[in-house]
Amino acid sequence: MQPSQESASLVKRLAGPSSGKAGLAKDQSEINRIIAEVSKGSKFYENEKKKDKELTQRINKILKERDDALQGVDLRKVELVADQLLQELESQRDLTQMIVHVDMDAFYASVELLHNPDLADKPFAVGLGVLTTASYNARQYGVRSGMATFVAKKLCPELIVIPNTFSRYSDMSDKVMDIFHRYDPTMQPAGCDEGYLNITPYCEEHCMTAEECVQQMRQAVFEETKLTVSAGIAPNKNKPNGQFMLPFQRQTIVEFMHDLSIRKIPGIGRVNERLLESIGVKTCGDIFTHRATISLMDKRFGLRFLLRTYLGIASNNVQPHEREERKSIGAERTFSPLGDKEKILKKLHEVSVELESDMKSNSWTGRTITLKYKLDTYQVFTRAKSFTRWIYTQEDLYAIGKELLLSELPLKLRLIGLRVTKLRDLRAPSPSAGGIKRAKFSHGSHELEDDLEDQEVNDEAMPGFHEHDESEPFPSQDMDLEPEIEEIDDPYDNGSEQLPVASSSTVKPQSARAATNKPKEEIRRRPRSNTETGPSVTAVTKALPTSVTESHDCPICEKTLQTDNQGLNAHIDFCLSKGAIRDAQIEASSPARNKFSKGWDWMKPTTTQDTKKTKQPLVKLKGNTKGGK
DNA sequence: ACATAACAT
DNA sequence: CCGTATGTTATGT
1 MQPSQESASL VKRLAGPSSG KAGLAKDQSE INRIIAEVSK GSKFYENEKK
51 KDKELTQRIN KILKERDDAL QGVDLRKVEL VADQLLQELE SQRDLTQMIV
101 HVDMDAFYAS VELLHNPDLA DKPFAVGLGV LTTASYNARQ YGVRSGMATF
151 VAKKLCPELI VIPNTFSRYS DMSDKVMDIF HRYDPTMQPA GCDEGYLNIT
201 PYCEEHCMTA EECVQQMRQA VFEETKLTVS AGIAPNKNKP NGQFMLPFQR
251 QTIVEFMHDL SIRKIPGIGR VNERLLESIG VKTCGDIFTH RATISLMDKR
301 FGLRFLLRTY LGIASNNVQP HEREERKSIG AERTFSPLGD KEKILKKLHE
351 VSVELESDMK SNSWTGRTIT LKYKLDTYQV FTRAKSFTRW IYTQEDLYAI
401 GKELLLSELP LKLRLIGLRV TKLRDLRAPS PSAGGIKRAK FSHGSHELED
451 DLEDQEVNDE AMPGFHEHDE SEPFPSQDMD LEPEIEEIDD PYDNGSEQLP
501 VASSSTVKPQ SARAATNKPK EEIRRRPRSN TETGPSVTAV TKALPTSVTE
551 SHDCPICEKT LQTDNQGLNA HIDFCLSKGA IRDAQIEASS PARNKFSKGW
601 DWMKPTTTQD TKKTKQPLVK LKGNTKGGK
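For the first sequence, counting from 1, position 150 maps to 150 in the working numbering; every step adds exactly one.
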């Protein structure tokens, strides 16, 4: 392909998502050059290169599609359709709510600075192999979060790197969030260092303007924590320690959006940015220009979503975090490439131990286990297996993971991980007719898991501890109005909101082994059938001795049952579903816990699909609907 | 309904 | 000498 264009996108890719922000001590192109130079030759680099090439191919395909779609079409007519939708969306605009997006400035770095004032004004960053935050000073050198440490050091040799101390961030985060809650009890935290508030009620009660309110709030945060926070009232923010208010007027908002890079829109990442760019959409304003194309390729790009973006209309429903419904829990770790089976298994063991511990702490159990591994080439693969019974012991996790792993094995890995999904909270009162969660837009489709799935809200450690990049090293004048399209909109509409997110394409080697040892030619693979005598199934079944005696102790109620596996499983389902577990645990006090972790060898796989197929490239952006389907 | 990959934060 | 955790979706079986 065009070498120039390709390397350009690659360089950009390497530079990371936070590049391109002004105010640097070094020239951005110089920074990119250094990054590329330092990265070159590494396996990581090669992998990025490959991914970049694949993306380029996807783009070419999209362009072809577009050209076909455009054939003999009356653009005017297509535009009219889009315009009509625009009008409809416009009519839903709600300018009455004052939404604020608050974001701590360089959170981790700021906290570390409080802990060690000597760091003031010095270029430092937080993180280990990969940086999670860079101080403002360090940013001047092009150092960014998400950047490999060694690359950062090349950019800034004097860079001081500090390891993360999550407990500190967590404590600080709690304090700050508490303050936010004073202004909006139903605020919605978004990660540990930011959140959304609807201060409309507060302002009314206190006869304040939004700006006064936010000013006061930020002041409070600073006084009580010595941390600064930036806030955007309306769709954007400005930092550090800044505050920005976008007038609540349609025209102002649309104008603001006009030159905003689409990359700033939540949900549009690196890939979608490039896909959209390929059809001429770089800024939100471009959306209108190309509305006909987008309309014709609605399935790919999500017309509705983009038009809303263009209009600067997003959800304003800040209502509390109704979430708290964990969908998965997992653990993984990276290490220097390992080829030795025993050593790899040892890593897997570590992971299983950690995962069990994590699951135990909140009484999670799950029905499907996914093994994840990354080759030394950085290619990632996952292999999953589902069970009828709930899994949560280290023994089971390890056994299942091992099973999945062994059939892949002759590999050189640099990461191994396990994840459990189809979760259920053992402590939860159980199913109960509650229906607490999915009372939304159930389209009757997938409702079948309701039987087993019914965990309730659960406490849990702070999720996603990550600091996304912020804007500028320098305040004001720089106008780095980071959007946070978070504004105006009606609470109801969202029915069919489309959030463009690219999906796969790559003609990937389905087999890691093939990927390692061979080009990508003979990537054939005999599907390991599951239903039949699939090796995996049989293997697992064997590996985990099925009922030998016909007597089992129920891990829930501890009763000894004279029954086979089926019977035991049925009984356990009963215990779990009736919420009897809670009572049982109370009765049995703590000892029950221990019994719990005694390998259940009756688990049995229900499925084991091994999709070693060649996926078909097919670019497309899909729509993301809020509650619906 | 399930498994996998890709994407995003 | 380029991480970790979690969620979502598209796709094919």
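Note that beta-carbon positions come from the ideal geometry of N, C-alpha and C, so glycine has one too.
Nearest CA to the CA of residue 393: which residue from 97, 420 and 228? Residue 393 has its Cα closest to that of 420, out of 97, 420 and 228.
If you drop the 5 nearest sequence neighbours on each side, which residues of the same chain put their C-beta closer than 7 Å to that of residue 203? Excluding positions up to five away in sequence, the list reads 98, 209, 210 and 213.
Express the C-alpha separation of residue 108 and residue 100 in angstroms, rounding to a whole number. Each residue's alpha carbon lies about 22 Å from the other.
Is residue 268 helix, strand or coil by DSSP? Secondary structure at residue 268: coil, using DSSP grouped into helix, strand and coil.
Please give the ranges of any alpha helix (DSSP H) in the segment 17-67, keeping only runs that are unbroken, at least 4 residues long and fully inside the region. Complete alpha helix (DSSP H) runs here, min 4: 28-39.
How about residue 178 and residue 198: do their beta carbons lie closer than 8 Å? Against a cut-off of 8 Å, the Cβ pair of residue 198 and residue 178 comes out as no contact.
Who pairs with residue 410 in a beta bridge, going by DSSP? Residue 410 is not bridged to any residue.
To the nearest angstrom, how far is it from the Cα of residue 303 to the Cα of residue 351? Computed Cα separation, rounded: 43 Å.
Pick out whichever of 310, 298 and 299 has its Cα sitting closest to the Cα of residue 282. The option with the nearest alpha carbon to residue 282 is 310.
Residue ranges of each beta strand (DSSP E) within the segment 180-263, 3 or longer: The segment 180-263 is shown to contain whole beta strand (DSSP E) runs of 3 or more residues at 194-198, 229-233 and 243-245, in chain order.
Just checking, does the segment 219-226 make contact with the segment 126-134 on the three C-beta pairs under 8 Å criterion? No, they do not touch.
Measuring CB to CB, does residue 418 end up less than 8 Å from residue 345? Contact flag unset, no.
Hey, how far is the Cα of residue 343 from the Cα of residue 329? About 24 Å.
Are there 16 or more other CB atoms within 10 angstroms of the CB of residue 589, so buried, or fewer, so exposed? Any reading at residue 589 must be qualified, since the residue scores a pLDDT of 28, below 50, and its modelled position is unreliable; the value itself is stated next. Exposed: under 16 other Cβ atoms inside 10 Å.
If you run the structure through DSSP and keep just helix, strand and coil, what is residue 303? Looking at residue 303 - three-state DSSP - the assignment turns out to be helix.
Is it right to say residue 387 is buried, meaning 16 or more other beta carbons lie within 10 angstroms of its own, or is it exposed? Residue 387 comes out buried.
So, for residue 338: in the same chain, excluding its five sequence neighbours on each side, which residues have a beta-carbon less than 6 Å away from its beta-carbon? Hits under 6 Å: 344 and 413.
With contact counted as at least three CB pairs below 8 Å, one residue from each stretch, are the segment 265-278 and the segment 55-65 in contact? When C-beta atoms of the segment 265-278 are compared with those of the segment 55-65, three or more pairs fall below 8 Å, so the two segments count as touching.
Enclosing beta strand (DSSP E) for residue 340 [first to last residue]: Premise fails: residue 340 is in no beta strand (DSSP E) and is neither H nor E.
Is residue 176 buried or exposed, if buried means 16 or more other CB atoms sit within 10 Å of its CB? By the neighbour-count rule (16 or more Cβ atoms within 10 Å), residue 176 is buried.
Applying the criterion that 16 or more other CB atoms from any shown protein chain within 10 Å of the CB defines a buried residue, is residue 63 buried or exposed? With fewer than 16 Cβ atoms within 10 Å of its Cβ, residue 63 is classed as exposed.
Is it buried or exposed for residue 315, if we count other Cβ within 10 angstroms and need 16 for buried? So residue 315 ends up on the buried side.
So, using beta-carbon positions, are residue 31 and residue 8 closer together than 8 Å? Residue 31 places its beta carbon 8 Å or farther from that of residue 8.
Just to confirm, is the Cβ distance from residue 243 to residue 234 under 8 Å? Residue 234 sits away from residue 243, with the two beta carbons spaced by 8 Å or more.
Compute the Euclidean distance between the alpha carbons of residue 45 and residue 12, then round it to the nearest angstrom. Rounded to whole angstroms, residue 45 to residue 12 spans 12 Å at the Cα level.
Reduced DSSP category for residue 277 - H, G, I as helix; E, B as strand; rest coil: Note: residue 277 maps to helix in three-state DSSP.
Residue 391, DSSP secondary structure in three states: DSSP places residue 391 in strand when its eight states are reduced to three.
As an exercise, report each continuous beta strand (DSSP E) stretch of at least 3 residues that is fully enclosed by the segment 95-143, in chain order. If we require 3 residues or more, the beta strand (DSSP E) runs fully inside the segment 95-143 come out as 99-104, 124-127 and 131-134.
With residue 289 as the anchor, note down where its alpha helix (DSSP H) starts and where it stops. 284-289 is the span of the alpha helix (DSSP H), which, as asked, contains residue 289.
Tell me which residues share the same chain as residue 78 and place their Cβ nearer than 7 Å to its Cβ, disregarding the 5 neighbours each side in the sequence. Cβ within range, chain order: 292, 295 and 296.
Taking the Cβ atom as the reference point for each residue, do residue 158 and residue 117 lie within a distance shorter than 8 Å? Taking 8 Å as the Cβ cut-off, residue 158 and residue 117 do not qualify as a contacting pair.
Considering only C-alpha positions, which residue in the set 152, 201, 218 and 111 is nearest to residue 167? Residue nearest to residue 167 within the set 152, 201, 218 and 111 is 111 (criterion: CA-CA distance).
Helix, strand or coil: which one does DSSP assign to residue 425? Three-state result, residue 425: strand.
With 16 other Cβ atoms within 10 Å as the buried cut-off, status of residue 188: Taking all protein chains in view, the Cβ of residue 188 is crowded by 16 or more other Cβ atoms within 10 Å, so the residue is classified as buried.
Rank 369, 407 and 409 by C-alpha distance to the C-alpha of residue 395 and give the top, closest one. For the residues 369, 407 and 409, the minimum Cα distance to residue 395 belongs to 369.
What does DSSP give as the partner residue(s) for residue 381 in the beta ladder? Among the bridge pairs identified by DSSP, residue 381 is matched with 373.
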